[in-house]
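Please read the structure below before turning to the comments.
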Amino acid sequence: MEKTYGGVGRCKCSFWFAVVHDIFGVFIMMVGVFGGLVVHDLFIYAGAIIIFLSLIWWVFWYSGNIDVPPEELEDDVGKIKLKNRRLSRVVRRMSSHLSNGIRKSFRRNGGSFREGPIGPSNTEHLPSTNVSLSTIYNSTISSSSKGLISAPAAHRQASLFTE
């Protein structure tokens, strides 16, 4: 036998928060309309925003009062049907097989996933790449894959912004 809820339903707290926000929003809006204040438009907009935000509480109240039969909740609460159990077991085996293969390949290469297959200390044999950048302050910044080098414009002949 299902429990019946009288009055406002199961989510009384959300209902009363929504009602209070609606009343407060209408009150603030009416103060802006009939109050004769200099900043009447602020009160009108603030009241409208409060009423708009009360929709959040109305949605909580409505979604909390939706009745779903237990037959529809069967898959959601862990009562998996037998035909779906085989499929999930196959998917789980394939996923673990794939992740174990990836994990073993990283272990064979001598590095972890975060370090990369080369590792942090084996960068000496890589070719060096130099990049230079001219700025509007007539100084050139050169960057290489080995480190960052800064040189003044007097030592460099080329500049992008010379006239």
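Heads up, the numbering used here is the position in the sequence shown plus 1054, with the first residue counted as 1. Cβ atoms here follow ideal geometry from the backbone N, Cα and C, with glycine treated the same way. Values in this document were obtained by computation on a predicted structure and should not be read as measured data.
Less than 9 Å between the beta carbons of residue 1089 and residue 1097, yes or no?
Position 35 of the sequence shown, counted from the first residue, corresponds to residue 1089. Position 43 of the sequence shown, counted from the first residue, corresponds to residue 1097. The answer is yes: Cβ separation under 9 Å.
Three-state class that DSSP yields for residue 1110 in the structure shown
Residue 1110 sits at position 56 when you count from the first residue of the sequence shown. Helix, per DSSP.
Here's a check: name, in chain order, each residue in its chain whose Cβ is nearer than 8 Å to the Cβ of residue 1091, leaving out the five neighbours to either side.
Looking up residue 1091 in the sequence shown gives position 37. 1085, 1097, listed in sequence order.
Whether or not the region 1109-1125 and the region 1141-1150 are in contact is what I'm after, with contact meaning three or more pairs of Cβ atoms, one per stretch, closer than 8 Å; do they touch?
Output reads no: the region 1109-1125 does not touch the region 1141-1150.
Close Cβ partners of residue 1076 (< 7 Å) along its chain, the five nearest in sequence each way excluded
In the sequence shown, counting from the first residue as 1, residue 1076 sits at position 22. Answer for residue 1076: 1105, 1108, listed in chain order.
From 1093, 1114, 1081, pick the residue whose C-alpha is nearest to that of residue 1101; which is it?
The sequence position of residue 1101 within the sequence shown is 47, counting from 1. When only C-alpha atoms are compared, the closest one is 1081.
Would DSSP call residue 1091 helix, strand or coil?
Here residue 1091 refers to the residue found at position 37 of the sequence shown. Under the three-state reduction of DSSP output, residue 1091 falls in the coil class, being neither helix nor strand.
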